[in-house]
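See below for the structure under consideration.
4 protein chains.
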Amino acid sequence: MSQKLMIIDTDCGIDDAQAIMLALASSNVKILGITCCFGNTDVDNVCQNVLRVLSVCQRTQIPVFRGAASCLVGATNPFKDHFGTDGLGDVLQDRDSDTWKTQIQKEHAVNSLIRLVSEHPGQVSLVALGPLTNLALAVRLDPSIPQKLKDLYIMGGNMEGKGNLMPCAEFNFCMDPESSYIVLEEYLCPTHIATWEFTCRNKLSWEFFDELIAQDTAAARFMKTITSKCWAFSQEPGRNAKDVLFGSGFVPYDAYAVAACVDGSVITESVECSVRVEIQGELGRGMMALDFLGKLKSHRVFVMKTCNLTKFSSMLMASLQQP
Amino acid sequence: MSQKLMIIDTDCGIDDAQAIMLALASSNVKILGITCCFGNTDVDNVCQNVLRVLSVCQRTQIPVFRGAASCLVGATNPFKDHFGTDGLGDVLQDRDSDTWKTQIQKEHAVNSLIRLVSEHPGQVSLVALGPLTNLALAVRLDPSIPQKLKDLYIMGGNMEGKGNLMPCAEFNFCMDPESSYIVLEEYLCPTHIATWEFTCRNKLSWEFFDELIAQDTAAARFMKTITSKCWAFSQEPGRNAKDVLFGSGFVPYDAYAVAACVDGSVITESVECSVRVEIQGELGRGMMALDFLGKLKSHRVFVMKTCNLTKFSSMLMASLQQP
Amino acid sequence: MSQKLMIIDTDCGIDDAQAIMLALASSNVKILGITCCFGNTDVDNVCQNVLRVLSVCQRTQIPVFRGAASCLVGATNPFKDHFGTDGLGDVLQDRDSDTWKTQIQKEHAVNSLIRLVSEHPGQVSLVALGPLTNLALAVRLDPSIPQKLKDLYIMGGNMEGKGNLMPCAEFNFCMDPESSYIVLEEYLCPTHIATWEFTCRNKLSWEFFDELIAQDTAAARFMKTITSKCWAFSQEPGRNAKDVLFGSGFVPYDAYAVAACVDGSVITESVECSVRVEIQGELGRGMMALDFLGKLKSHRVFVMKTCNLTKFSSMLMASLQQP
Amino acid sequence: MSQKLMIIDTDCGIDDAQAIMLALASSNVKILGITCCFGNTDVDNVCQNVLRVLSVCQRTQIPVFRGAASCLVGATNPFKDHFGTDGLGDVLQDRDSDTWKTQIQKEHAVNSLIRLVSEHPGQVSLVALGPLTNLALAVRLDPSIPQKLKDLYIMGGNMEGKGNLMPCAEFNFCMDPESSYIVLEEYLCPTHIATWEFTCRNKLSWEFFDELIAQDTAAARFMKTITSKCWAFSQEPGRNAKDVLFGSGFVPYDAYAVAACVDGSVITESVECSVRVEIQGELGRGMMALDFLGKLKSHRVFVMKTCNLTKFSSMLMASLQQP
């Protein structure tokens, strides 16, 4: 069987690191490049985080590109510290070194996206794990990009009017509403979305997480290290009583989108419907709307509903058996 | 036990008629007045519909007041024909007669609201079943009204980002977003909301509906008549396979709000949280946002979640045993 | 010649006081009532200010009505202190007394507007000198009011994209953008607007102001008193070098609108065009747009351009020769 | 004296053609490149138009780059036909040929902008004559571009709340409000703006226009040809009685911006103030707001007020004495 060609666009925080490792561990996937975007932390930290993940997994030959440092229109929201200020739990050393700059490609992420997709028309799966700024800029520089993609997987948006950054809006979409709007309106390739509520409603147990990071591999030790401080609560007695909306548990957000791309059978139910991102309003801005009324003639996408947790768990477990 | 004092504000369609009958049938409730608002149909039809319901139930001594004919700001949405163009299924005769004008009170609904509430400070339960225009105008003319109310029950809004008039917005709120916004921001009395999703998720069966309207009373015959044409599908084989989001069934929308006011034990679970209505945006406008993040310092209300369907069914059944 | 019937709606600050005196001094005008609105100061101060002006002019038989205390939608802007916190220069005594409450009519300003206009259909000139909240509420309670008016004079809005409260929006309109929008869309009677730029471009000299308040009458002494503190700069050497946009001078804002109503020949040039108030946006909100492109099919009004300053000066001078 | 280095970003219509010729005729200017943007017509037509102008002036060695084909966010406005559907008066032949594609640079306009400016830090004057999409994309791909520019000249925006595409908004800004917003917020280099009202208030006579295009040169003949059809009215008796707002006359819009860049003394008065573009609202969207109140802490720019028409006329006359 031929390999899937994948490009990952990421704002590399802890869950992105996990998601990238899942892709790296997939034997049927060839990663053409990883493009970086601001989001969980600033884009310079994101570049360093991706390089670090590749280094841990001994896959440094994969090119990494620096992309957007801010959202498309208006002032950029402050970064949230869910994964520490550096995005990987604030425990890694050598942040001050500039050697990473020699390891980043000279080409801008947006230009690399356009080039790599154009070199493999109809073959590339694009997986977007952060704000969608690089994708929006790419379609502005080359409007033919969406039709050259094989498909698009997105972690972002919401589907029950519930959000995490704002009452009705999810972090990735809310960090750049205009780019989210543009991507959903103009990337008319087959599109699969792992919303925030989807990931929360398909959570894993903290007991599984314990097992996951207890493996005796470089990747598992790395994951244990970067979660040691900012997810300290996950080692505490109360860890199973946190979230009021969805209950408590281990939710490796971005990993669902990568898993769905690697093996479509991980997603056991999706709903196909028109979607649009609201860009106006104090509360609506950044919210993804699902249209079941037929009011919108907008892009029909696949919104994930349920996940085969057994299969997904296996993939996660295998992903940390590297290198 | 002393009687509850109730004012009903309504855009009287079929479900409002059912809801009003439920209140009329409650021995512990005294209805001080019914105020009319545009919504399911124009306000003149609404006035006639309310008078007709009172006539059927032989309760014509209850004063009926004409109120807002349009939304607060901007052009009013066209009326939807869910309940026919006249709001009561387009089957009633005598629409051309002007005798109803002699039966309507001279006082404007907004002034009557202010007067009736002020005459019974702390005692009146206000039940709002249509667009909230009359309530918004009342608080502008007399800002002390909310604090003089005992409590407020609203059928309207949404709680899962799903709507019926628009992808994310429910009919009553969407017909006048600014008034919905004003009422939720300024009516700081205890407030209970029956959202669209709540009513849909607590539906009854069409078999119950058959039984309900088969009773040998004037009220049941009236309900059978007004549902005969516009709910014709409910007498067809496919009636149990309609709605994709919530399944199919009989949902007497406004009746949940009245029932909750008449007997609080009908509602078995509510969630208390801050809410706000979005008034901007193509998709957000008219949507009610629930804040579980603590971002909004807005009014905390009780959003209904589950209903004791046995008790509610009994109340509905009794409501048509009139007069 | 028969008398003009006039209702004045005001947020009585110093310029409103001057404008009311101009109306009181006009022998061909009968003032049916004065309705009060928040604006330059809170509505209770406005009521007291109007009563004080009528008292100074010995015209206390004119009924005064209390109206809107806040804008139609959303939080009310803080009052600006251009005319002091009490609206009349913070120099008057007896603010703590409650006797004014006995002098205010019991009827709400909005109801009085509806009643007075309905009692004299086609005869009443309405002059609006503050935020347009009372007018907006009146048309919501009785949509027939605009067609029963003879005409409408407004001080408010802007016509060159320049504002005083905001970069593009004038105080009266900006204090309640939704009400301004409603009034311009729905008051389809002949409408004459004295914008902020119009008043500034038709300014009088500070020397004229000196002469005006130096007259030996109760009214002139009152005007001298209330301008003594907050317009202290007008007695200083630099008084002729203040404003960068329009030069310096004495601009009795609201008095232009009353003068235009009393004697139409005071306005020597107007432009008739469609107008609309923008209600959205950080910068556009509250701005009045003039349409010379034919894009808007909205209300065509008369926007004042030039004023016969000789005639206007005489009217002002005469207005302080009371009682 | 050393040459000024200039990049022209254009949506080449008739006035852009005139403006480019003015730059070409300036002996002290070296044009590093011309970047193309949609606007007066689609970006393919714009490319062809620029190449045609360079050909007429025998300056085909100047590189031309294709840029944005649509606005940054949302659907692009239909092109207006003020200069014909092809932007140059619908009179030129050979539109169907594809040879122009071989003459356009391979590099995208946005990348060329970044490269050319970075190669000459602090030395390049950028003159923007169309929608500002290319400039907005450039600063997103390389946030350091604005500080590397010498200065920026823009034809666009409005300063009296009057527009041509919309009642309050000028064509170039209104065709891409978000890009206009971004450029004015983030291009913090010295910025000079020729607004629509500025150009209209500094119009030339149609008699001058007659003289201008009557010159016996290739450039003048070209200008005569492309204006022959769509400006046919300018050869008619009524040509001096067209515009209600600003009177009638010959207004070579974009040429003012180029002239100001070539020779700063052409502009005899400017006002320095904070500006911001409104991006929301039916009427405000695309409007440039000038802040004389100190409310905005935004970018202070030089808004042109008056022009030395004698000097400007001479430059225009000389610009058509090519080649």
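Chains as they are written, first to last, in the UniProt record's numbering: chain X, 1 to 323; chain W, 1 to 323; chain E, 1 to 323; chain C, 1 to 323.
For each residue, glycine too, the CB sits at the ideal point set by N, CA and C.
Nearest-angstrom Cβ-Cβ length linking residue 53 (chain W) and residue 20 (chain W), presumed shorter than 8 Å: In the second sequence, the residue the question calls residue 53 (chain W) occupies position 53. In the second sequence, the residue the question calls residue 20 (chain W) occupies position 20. The C-beta distance from residue 53 (chain W) to residue 20 (chain W) rounds to 5 Å, short enough to meet the 8 Å contact threshold.
C-beta atoms of residue 301 (chain C) and residue 191 (chain C) nearer than 7 Å: Here residue 301 (chain C) refers to the residue found at position 301 of the fourth sequence. Here residue 191 (chain C) refers to the residue found at position 191 of the fourth sequence. Yes; because the gap between Cβ atoms is below 7 Å, this pair is in contact.
Completely contained beta strand (DSSP E) runs for the region 6–65 of chain X, where each covers 3 or more residues: Runs of the beta strand (DSSP E) inside the region 6–65 of chain X: 29–36.
Nearest-angstrom Cβ-Cβ length linking residue 259 (chain C) and residue 266 (chain C), presumed shorter than 8 Å: For the purposes of this step, residue 259 (chain C) is taken as residue 259 along the fourth sequence, with counting starting at 1. For the purposes of this step, residue 266 (chain C) is taken as residue 266 along the fourth sequence, with counting starting at 1. Indeed, because the Cβ distance is near 5 Å, the residues count as touching under 8 Å.
N-terminal and C-terminal residue of the beta strand (DSSP E) that residue 154 (chain C) is part of: Position 154 of the fourth sequence, counting from 1, holds the residue named residue 154 (chain C). Per DSSP, residue 154 (chain C) is one residue of the beta strand (DSSP E) stretching across 149–155.
Contacts around residue 371 (chain E), its chain only, beta-carbon distance under 6 Å, and the 5 residues preceding and following it disregarded: Residue 371 (chain E) is absent from the structure shown; chain E starts at 1 and stops at 323.
Proximity of residue 72 (chain E) and residue 142 (chain E) at Cβ, strictly below 7 Å: What you label residue 72 (chain E) is simply residue 72 of the third sequence in a count that begins at 1. What you label residue 142 (chain E) is simply residue 142 of the third sequence in a count that begins at 1. It is not a contact, given that the beta carbons lie outside the stated cut-off.
Segment contact, 8 Å Cβ cut-off, at least three pairs: the region 162–169 of chain E with the region 285–295 of chain E: Yes, the region 162–169 of chain E touches the region 285–295 of chain E.
The region 305–312 of chain X / the region 200–208 of chain X touching (three or more Cβ pairs under 8 Å): Yes: at least three Cβ pairs fall under 8 Å.
Identity of the residue in E:264, E:34, E:234, E:85 nearest residue 194 (chain E) by Cα: Here residue 194 (chain E) corresponds to residue number 194 of the third sequence, with the count starting at 1. Cα-wise, what sits closest to residue 194 (chain E) is E:264.
CB contact flag (residue 206 (chain W), residue 234 (chain W), <7 Å): For this step, residue 206 (chain W) is matched to residue 206 along the second sequence. For this step, residue 234 (chain W) is matched to residue 234 along the second sequence. Contact: yes.
Contact under 7 Å by Cβ, residue 104 (chain W) with residue 64 (chain W): Stepping through the second sequence from its first residue, residue 104 (chain W) is reached at position 104. Stepping through the second sequence from its first residue, residue 64 (chain W) is reached at position 64. Yes, they are a contact pair.
CB of residue 56 (chain W) within 7 Å of CB of residue 135 (chain W), strictly: Here residue 56 (chain W) is taken as the residue at index 56 of the second sequence, counted from 1. Here residue 135 (chain W) is taken as the residue at index 135 of the second sequence, counted from 1. Cβ atoms of residue 56 (chain W) and residue 135 (chain W): not closer than 7 Å.
C-beta neighbour in chain W for residue 177 (chain X), strict 7 Å: The residue given as residue 177 (chain X) occupies position 177 in the first sequence. Among the CB atoms of chain W, none fall inside 7 Å of the CB of residue 177 (chain X).
Beta-carbon separation (whole angstroms), residue 137 (chain E) vs residue 226 (chain E), contact threshold 8 Å: Position 137 of the third sequence, counting from 1, holds the residue named residue 137 (chain E). Position 226 of the third sequence, counting from 1, holds the residue named residue 226 (chain E). The distance from the Cβ of residue 137 (chain E) to that of residue 226 (chain E) is about 29 Å, inconsistent with a contact at the 8 Å cut-off.
Bounding residues of the alpha helix (DSSP H) (the contiguous stretch that carries residue 141 (chain W)): On the second sequence, position 141 is the one that residue 141 (chain W) refers to. It spans 133–141 - the alpha helix (DSSP H) in which residue 141 (chain W) sits, taken as one unbroken run.
Inter-residue CB distance, residue 90 (chain C) and residue 229 (chain C) (contact presumed, cutoff 8 Å): The count along the fourth sequence starts at 1 and reaches residue 90 (chain C) at position 90. The count along the fourth sequence starts at 1 and reaches residue 229 (chain C) at position 229. Between residue 229 (chain C) and residue 90 (chain C) the Cβ distance is about 6 Å, and since that is below 8 Å, they are a contact.
Touching by the beta-carbon criterion (3+ pairs, under 8 Å), the region 106–117 of chain W and the region 35–42 of chain W: In short, these stretches touch, since the Cβ pair count reaches three.
Contact set between residue 166 (chain X) and chain W, taken where Cβ atoms lie within less than 8 Å: As a working mapping, residue 166 (chain X) is identified with position 166 in the first sequence. The answer, in chain order, is 293, 295.
Within-7 Å CB hit, residue 184 (chain W) to chain E: To locate residue 184 (chain W), count along the second sequence from 1; it is residue 184. Cβ-Cβ to chain E under 7 Å: no for residue 184 (chain W).
Spatial neighbours of residue 79 (chain W) in its chain, beta-carbon cut-off 6 Å, leaving aside the 5 residues before and after: As a position in the second sequence, residue 79 (chain W) is number 79, starting the count at 1. The residues are 41.
Reduced DSSP secondary structure (H/G/I, E/B, other) of residue 302 (chain X): On the first sequence, position 302 is the one that residue 302 (chain X) refers to. When DSSP states are grouped into helix, strand and coil, residue 302 (chain X) belongs to the strand group.
Assigned exposure category for residue 297 (chain W) - 16 Cβ within 10 Å defines buried: The sequence position of residue 297 (chain W) within the second sequence is 297, counting from 1. Residue 297 (chain W) should be labelled exposed.
Closer than 7 Å to chain X by CB, residue 299 (chain C): Sequence index remark: in the fourth sequence, residue 299 (chain C) carries index 299 (1-based). Under the Cβ criterion of 7 Å, residue 299 (chain C) is not counted among the residues facing chain X.
CB contact check: residue 281 (chain E) to chain C, cutoff 7 Å: The sequence position of residue 281 (chain E) within the third sequence is 281, counting from 1. With 7 Å as the cut-off, residue 281 (chain E) counts as an interface residue toward chain C.
Short-range partners of chain W found in the region 131–147 of chain E, where Cβ spacing is below 9 Å: Cβ contacts with chain W come from 133, 136, 137, 140, 141, 142, 143.
Segment limits, alpha helix (DSSP H) that includes residue 86 (chain E): Mapped onto the third sequence, residue 86 (chain E) falls at position 86. Neither: residue 86 (chain E) is in no alpha helix (DSSP H) and is coded neither H nor E.
Exposure of residue 276 (chain C), with buried meaning 16 or more beta-carbon neighbours within 10 Å: To locate residue 276 (chain C), count along the fourth sequence from 1; it is residue 276. Residue 276 (chain C) is buried by the Cβ-count criterion.
Within-7 Å CB hit, residue 108 (chain E) to chain W: Residue mapping note: residue 108 (chain E) aligns to position 108 of the third sequence, counting from 1. Residue contact check for residue 108 (chain E) against chain W: a CB pair falls below 7 Å.
Start-to-end residues for the alpha helix (DSSP H) that takes in residue 183 (chain X): As a position in the first sequence, residue 183 (chain X) is number 183, starting the count at 1. Where residue 183 (chain X) is concerned, the enclosing alpha helix (DSSP H) stretches over 177–186.
Counted within 10 angstroms of its Cβ, other Cβ atoms place residue 106 (chain W) as buried (16 or more) or exposed: In the second sequence, residue 106 (chain W) corresponds to position 106, counting from 1. Label assigned to residue 106 (chain W): exposed.
Interface partners of residue 287 (chain E) on chain C, CB under 8 Å: Your numbering for residue 287 (chain E) matches position 287 in the third sequence. For residue 287 (chain E), the chain C residues whose C-beta falls within less than 8 Å of its own C-beta are 161, 168, 283, 284, listed in chain order.
Of the listed residues E:272, E:245, E:66, nearest to residue 400 (chain E) (C-alpha basis): Past the boundaries of the shown model lies residue 400 (chain E); chain E is included only from 1 to 323, so the question cannot be answered.
Rounded C-alpha distance that separates residue 217 (chain W) from residue 318 (chain W): Position 217 of the second sequence, counting from 1, holds the residue named residue 217 (chain W). Position 318 of the second sequence, counting from 1, holds the residue named residue 318 (chain W). The alpha-carbon atoms of residue 217 (chain W) and residue 318 (chain W) are separated by roughly 11 Å.
Classification of residue 254 (chain X) by the beta-carbon crowding that lies within 10 angstroms, buried from 16 upward: Taking the first residue of the first sequence as 1, we reach residue 254 (chain X) at position 254. Of the other Cβ atoms in all chains shown, 16 or more fall within 10 Å of the Cβ of residue 254 (chain X); this residue is therefore buried.
Start-to-end residues for the beta strand (DSSP E) that takes in residue 126 (chain X): For the purposes of this step, residue 126 (chain X) is taken as the residue at position 126 of the first sequence. Segment 124–128, the beta strand (DSSP E) holding residue 126 (chain X).
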